[in-house]
Every structure is written in structure tokens, then in C-alpha cells.
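Quick notes on the structure that follows.
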Ligand code: SF4
Ligand code: SF4
């Protein structure tokens, strides 16, 4: 059900774009208004969500410690899994964000003949890493459409990315990796029973959407060639807020753009916000120095507790009898 | 247990999820899994709301008319107070990395015990009640409304999580289901749905200072009985002081160790250690509980119980505080106490009076862990030790969840053990240190009525012990946690007969060569140490 609905939603977007691309005035909508709106929603929504999170304080320092604490000089501590200094926590965050360190720990528990076995399992880590990095590379490569002249670093990325020269015109390495990564991530949701069990439409939809984006992107370069010059003109126009709509760009482009717009607009309201959230997760981005440094809770209130005076009042006789010193005889 | 399951029967676990969507499987509250509800008077005793009589297996839970409002209002309030809650509600991608990391899932196969689903139970309500998408798309967006069956389900699984944080370790965003459980339990406490095994200790601790409700004189007497045992087994008379003003150090440990085996042996260990080094310290009958079941109720309750430690330290005028072996006690002390309480000016940065070591890592809170303290003593050669007295023991070490994932104290206890025992073996690496498995009964789930749950949750830990038991003949499971000492013996008896549970300080004291001691032919349990039977007795037998 969740799969069909998500797939249906993505197909619907494709169909809408396909129809729209045939109708002149709608091209204006699809090529200019919708991308603007989507981008505005993305930026606005992203900021809104981060501010929404930020409005709630972090009352307690509760990092998940994943290694030896800071104690004596003769005990080797684990700086990056149990950081106490700011730069150490930055390294921890860096490893988390750029190397998916926690995912790398992943194991698979199995019960065999009454024995529990924890085998290494790197598929998730690998799939996620391939997907995210190639997505990043592809996004950066797209800068060539937005900035004139093309920045040097974008050219460098393109050169490296195109190095393998797969097929003609060249398939980029990032394209292969993106599709492989997506296949792994989707494959897990289809075939790993536990993952299938927990998957929602919210999980399938972005995967299908990105697969569709990647596919239309690749198709544009292979099967349904679009007018690259026109595309660049349109995108540069968008980027400089002087949008123009050149003729004869090709339907595939409009499909691609509408899919990307859908992704952008969907982003801030979905789990895709893990992109922002990973930086703000208090179990990862805090130092573990709570005994070394007092941390103040903004909504702190003094505890109502049973004071010693009340305690002695209640038990004075018992205490005296047992020879326990008391404040008042 | 309703009907006792044999280990073989319990082991029939299917880790594959059912065909049906979890939202379509109504909750089935089972005997042996759930804990009995809190008695109304134990709730009233600490002024918590909506104390009433009810039963989890009855249809009507006797909730106030507006329970839904209370729940959702409380939910909103907690979203506003805890960034964790908001983020953890929003960013889970359901990657499943945490799914098979939970001991309750591994031991039961119940798909709702996958940490991700445990969190989704609440998250689905969050979506359905608070987000537009959830309200419009409903099920399709993984959303549902808060109803009585949903509440029952949430309740049931909140008490199948020991707040161990193992799932959090593996989550790419650090989503900590323990945090969700903590806040979820706060919510159900808004209308009196705590379990008694937590609520009664909370009430006791509030009034008498300890979970067991030991009155001041009983607390003192129990410790004095243990001193008598020490005199009998070791030949040394120890006279600890209570509520003594002007002592240098206040010692606080979980009260479970004051009266129950095998915790009492750990407590005897503390007494002997402090005597051996001539520590100027005092016990307190007022702040006589290191453990904090308030933490399993609400953060506010945790703060209220925790307040006594500083309060007493200030009254007695001690310089700093030493804390005994306990798991969740140290989560609260290490990560919460310095925020819960205002600093006490009269306390000083802790320095070991024996070695002069400054405990840098505790310089603000002024509270040191006994394993840190002992490790430092050993490092400086301040303890006379004869580890061969522990030679009949083959020891492995169980990291409690909280000191490992909520503090990071991994090496200190190992260093201590290796110095007092000659035979130490680690369990497999995915089951120790930061990846350690819960004993299966933490966070107040160490009741008697939920024994099936406890044995299931204890399986991964026990299974790793079994591995070293078979491979190296390990017969002793060392730990630094009072709940471990209370619950692991049952788990060992069930899963790995032949393994005893011992606190690290017990092992220390058994190896300790004290001035004026007897020939030490028996250990602190009064059991003969193999190969050390006193010569005279043998001679007598010969006659
Ligand atoms: S590991 Fe984290 S993101 Fe993945 S399913 Fe579990 S809680 Fe969600
Ligand atoms: S905190 Fe521990 S018990 Fe709770 S869901 Fe996570 S792994 Fe399971």
C-alpha cells in the first residue's frame, strides 16, 4: 500500500509535468513559478524547522558516550567517541556527518542454535554513503547551470567524476553510485523483512522521487536530449532573478524540474530534515564534561524535597536511640 | 511467570516480523511481561497526580475524563522543554539500524520492541495530533490519533524499555529511545499509571532516604551486622560512622547493597577498603540512597530525590562525595546532577587524601566513582593485594549500560579487576564496553511479576556470559551496579547456571591484605577459599 501510493504520487508528478510541458503557458508555470515557489518553501521551511527545534532548549547534557571517559592521565581516553573539548566534539560530529560513523558500527543479530551472533553488516552504511556522496557531487555539478562562468572546483569535480568514461556520452561515476546506493536503500526496504515492516510511505516516496529525478536527469543526456544551451539560459535566468523561457527545451527537462521542485517542497516537512537534525542531536553534539562543568537548565526550578530537618523531626527518637547524631536533642 | 517457561521454550524466538502492519495488531498485555500498577498511596506520598486503583488487564483504566487533553498538553510541554524530544520525533528515517540492537527485541522477537517501533508508537501520535501532514494523510503518513488502545500500547512498551541507550549508539542521528521512554513515562505519570515497583521505592526514598524504606536505625544496624560478618570472616573490627559532621568525605551507595545478597558483599568490600586506607568518611542515614527510581518516573522526581545528596553534604560539612557502584545512579549523577542542583559552596574539588590525586573530571560536581577512586589507589600502590585469593574465580565483567553509554567509565573497573583477580576474560566485543547489553531488568523493571520479560531481556547478556563460561570456564560475573547484583543472579541461574555475580569492590576486598587480619580462609560470603583451608582444622579432623 505504502509502496503503491508513493509510486503513484511520483508518477502523477511525472504525468503532470509531461502534460504541462506540451502546453506553452504552463511551461512558464513549470519552468519558472514552480521552481521559485519550491525553492522558497525549501529555504523557508528548512529555516522554520531549524528555528522550531532551536526554540526548545537542551536542558541536560546527555551525550551518548561511546568510549572511555576523561579520567586519569594514565588511562587512555577516547577523545572522539567521548569528547570533553569543543574541538573533539567537532571531530565527532565531522565523523558522524561525513563518514556515518554510527552506521558503520552496525551489526546484525542472529540467533543460531541458541547462540546469539553479531555479524558485521555494512550494506546500510555503504548504500547510505554512496547515495549521499554521489547526490552531493551531482548537486555540485549542477552549479554549472547556475553560475556563469562555471567555477573551477565544479570543473574539477566533473573531471574526476567523469574519469571512468563509462559509455558514450560518458556516464558519470556519481550517477552509477547514486543509482547503486538507491538500489541498496530501496532493496533493503523491499527485501529485508524488518525494514519492510517499519517502512512508511514517507520512506518510499522520497526514494522513488529521487530515483525518478536521477532517471530523468540521465535520460536527458542519453535518450531524450534537451537543448542544453536553452536549459542553461533558463536556469541562469532563474538564478539571477531575470527568468526567461527559451523555446524548445524538451519535455524531459520539465519533468526533471517538477520532480526536483517536489523534492524541495517536501523536504522541510519530512524525515529528510535529518540533514539539519543530525547537527542538532544532543546525544552527539555535546561534550561529556558534566562533572567538570556545571550546565544550567533554562527552565530549572528548585526541587521540592524532603529536607533533613523534616527527616530528623520524623525520626529523631529512633535516631537518638540508635546513637545517630541529631541536630536538636 | 504465568507458566514457567524453560530456557528452551523461551529461546523459541522468531526475529522475523509478522505479515500484519504493526498498527493493525492490537496490544495484548501479557502476564509475565507487564508490571503491577502503582498503589495509590505511594503516588500520593510524593504529591503526584491522579492516584487511583486500576489494572492493566482490565478494560477500564479509570483515567480522568480529560486524560487525552492532559496527555497532549503534557506532550506539547515536553516538546517545548526538550530539543531532543522534538528532533527525535522529527528525523528518524526508519533505517532500521537500531532494530536488532535492543535486548528486548532480541529476546522476545516482539516487533514493537524494536527501538524504532517503540518510538513510532509515540511518534505516530505526534504526527496524528500535531502535524498537518499527519492530520490530513493519516495512516499513510504513519499517523494515528490518541485513543485508549493506543495509550495502552504505549504504556505496555514504555515498560519494556530499560533506558539502556544501546539503540542510540547505533543510530546515525543519535536518536535515543531511552530519552523517548523517559519522557513517555513522564506523560503516563500525569495520570497515575506508574508501576508499583518504581513508585514504591520512590515514595520510600522520599521519606526514609532509601528505596527499601529502611528507617535510620535499621539502616545503621544492617551495616553493623555486615561489620560483624567482616569480623568473623576477616578478623577485623570495623566501626563506621553515621551522619558524622566534619568527616572529609560523604559516602553514598545504593541501598540495595545494605541488605540483599550478593550486594551486601560489595558493601562489606567498601567497609574494608575504607578501613584499610584509613579514610575519614561518613555514611548518612538521610542521604542513604545512591540509586534513583525517580529517574524512571520523571526528571522532576529524579531531581527531588537527588537533592538530598548535596543537602546532606552541606549539612555535614564534608569536602566531597564518594559514590558507590550503581548504574543508573551514575547516569543521574554524571549527566544530570550538576544541572538538577545548585552548587554547594562548602564542597571542595575532590582530592584523594591517600594519593593526593586530583579528580579533574569531577572538579565541578565533586562526586567521584568508587571505581575511579580504587583504580587510583591501586595505581599508586596504596593497597596491599593478594590476587591469588581470587584464583578460584574466572572473572568476566559486565559493563552496566549507564556507566558505559552515559558516562564512559570502561577502563577503571577493568583495571581494578585485573589487579585483584588473576583470571579475567572479556566477553565478545559486540557485547561489552559501549556496546554492552543491559542486564534486562534496569530502569525499575526488576520486579518479580515480569520475570518472563526479564529473562527475555537478559538473554543477550547471558548468552555472552555463556560463551565465556563454555570457552574459559568463567564462573564469576563482575559488575558495578546494584541492580545488576539484584537481577543477574536470576538471569544466570536461568540461562547460565554455575556463574555467580559479584560487585567489583567485593573482589577487591577479598584480595585485600589488611593489617591484623586472620588467615583469610573464607571469603566475604563465608565460603571456604579453595586451597586455603586452615591447617589446624585439617589436623583436628585427622585426630
Ligand atoms: S537507527 Fe535511528 S534513524 Fe534508524 S530507525 Fe533507528 S531511530 Fe530511526
Ligand atoms: S534504550 Fe535499550 S531497552 Fe530501550 S529501546 Fe533502546 S535498546 Fe531497547
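Chains as they are written, first to last, in this note's numbering: chain A, 34 to 362; chain B, 665 to 1207.
Virtual Cβ for every residue (Gly too), placed ideally from N, Cα, C.
#1: Contact criterion: CB-CB distance below 8 Å. Does residue 100 of chain A meet it with respect to chain B?
#2: Quick check on residue 230 of chain A: does DSSP put it in helix, strand or coil?
#3: If you measure from the beta carbon of residue 47 of chain A to each beta carbon in chain B, is any gap under 8 Å?
#4: How would you label residue 323 of chain A, buried or exposed, when you count the other beta carbons within 10 angstroms and need 16 or more for buried?
#5: Mind listing which residues of the segment 306-317 of chain A have their C-beta closer than 7 Å to chain B's C-betas, in chain order?
#6: Would you call residue 348 of chain A buried or exposed, if buried means 16 or more other Cβ atoms sit within 10 Å of its Cβ?
#7: What are the residues that DSSP puts in a beta bridge with residue 152 of chain A?
#8: Taking the alpha-carbon positions, what's the residue 823 of chain B to residue 92 of chain A distance?
#9: What in chain B is Cβ-close to residue 351 of chain A, meaning under 7 Å?
#10: Report all residues from its chain with a CB closer than 7 Å to the CB of residue 321 of chain A; omit the five preceding and five following residues, and keep chain order.
#11: Applying a beta-carbon distance threshold of less than 8 Å, which residues of chain A neighbour residue 745 of chain B?
#12: Is residue 840 of chain B close to chain A? Criterion is C-beta to C-beta, closer than 8 Å.
#13: What are the boundary residues of the beta strand (DSSP E) that includes residue 1061 of chain B?
#14: Going along the segment 1131-1147 of chain B in order, which residues come within less than 7 Å of chain A, judged by CB to CB distance?
#15: Looking at C-alpha atoms only, which residue of B/969, B/733 and B/835 is the closest neighbour of residue 812 of chain B?
#16: Would you give the residue range spanned by the beta strand (DSSP E) that residue 1033 of chain B belongs to?
#17: Cβ-heavy atom distance between residue 130 of chain A and ligand 1 below 7 Å?
#18: Taking 5 Å as the limit, name every residue whose beta carbon sits nearer than that to some heavy atom of ligand 1, in sequence order.
#19: Have a look at residue 1169 of chain B and residue 1197 of chain B and give me their C-alpha separation to the nearest angstrom.
#20: Quick check on the DSSP output: the alpha helix (DSSP H) that includes residue 1023 of chain B runs from which residue to which?
#21: Tell me which same chain residues have a C-beta within less than 7 Å of the C-beta of residue 976 of chain B, skipping the five on either side of it?
#22: Helix, strand or coil for residue 1207 of chain B per DSSP?
#23: Counting only Cβ-Cβ distances shorter than 8 Å, please list the residues of the segment 195-227 of chain A near chain B, keeping chain order.
#24: Whose CA, out of B/1067, B/889 and B/760, lies closest to the CA of residue 928 of chain B?
#25: DSSP on residue 666 of chain B, reduced to helix/strand/coil?
#26: CA-CA distance, residue 967 of chain B and residue 959 of chain B?
#27: Taking 8 Å as the CB-CB limit, is residue 871 of chain B close to chain A?
#28: Beta-carbon within less than 6 Å of residue 100 of chain A's beta-carbon, same chain only, minus the 5 sequence neighbours each way: which residues are those?
#29: Taking the alpha helix (DSSP H) that residue 1143 of chain B belongs to, which residues open and close that run?
#30: Let me see if you follow: with CB-CB separation under 8 Å, is residue 1076 of chain B close to chain A or not?
#31: As a quick exercise: from B/875, B/962 and B/941, pick the residue whose alpha carbon is nearest that of residue 923 of chain B.
#32: Please compile the residues from chain A whose C-beta is within a distance smaller than 9 Å of the C-beta of residue 1062 of chain B.
#33: Look at the Cβ atom of residue 215 of chain A, then the Cβ atom of residue 296 of chain A, and state whether they are nearer than 8 Å.
#34: What residues of chain B sit near residue 86 of chain A, judged by a beta carbon separation below 7 Å?
#35: Report the residue ranges of all beta strand (DSSP E) runs contained in full by the segment 808-859 of chain B; include only those spanning at least 3 residues, in chain order.
#36: Are the C-beta of residue 234 of chain A and some C-beta of chain B separated by less than 8 Å?
Working from what's here:
#1: yes
#2: helix
#3: no
#4: buried
#5: 306, 307, 310, 311, 313, 314, 315, 316 and 317
#6: buried
#7: A/141
#8: 24 Å
#9: 879, 880 and 881
#10: 96, 98, 102, 115, 116 and 117
#11: 89, 90, 92 and 332
#12: yes
#13: 1059-1062
#14: none
#15: B/733
#16: 1031-1033
#17: no
#18: B/756, B/757, B/758, B/759, B/761, B/762, B/780, B/835 and B/839
#19: 23 Å
#20: Run containing residue 1023 of chain B: none; DSSP gives neither H nor E here.
#21: 914, 948, 950 and 951
#22: Its pLDDT being 41, under 50, residue 1207 of chain B is placed unreliably in this model, and the value from its coordinates should be taken loosely. Coil.
#23: 221, 225, 226 and 227
#24: B/889
#25: Because the pLDDT at residue 666 of chain B is just 44, under 50, the model does not fix this residue reliably, and the value given afterwards should be weighed accordingly. Coil.
#26: 8 Å
#27: yes
#28: 111, 114 and 115
#29: Not the alpha helix (DSSP H): residue 1143 of chain B falls in the beta strand (DSSP E), residues 1140-1143.
#30: yes
#31: B/875
#32: Those within 9 Å of residue 1062 of chain B in chain A number zero; the least Cβ separation is about 15 Å.
#33: no
#34: 747, 750 and 751
#35: none
#36: yes
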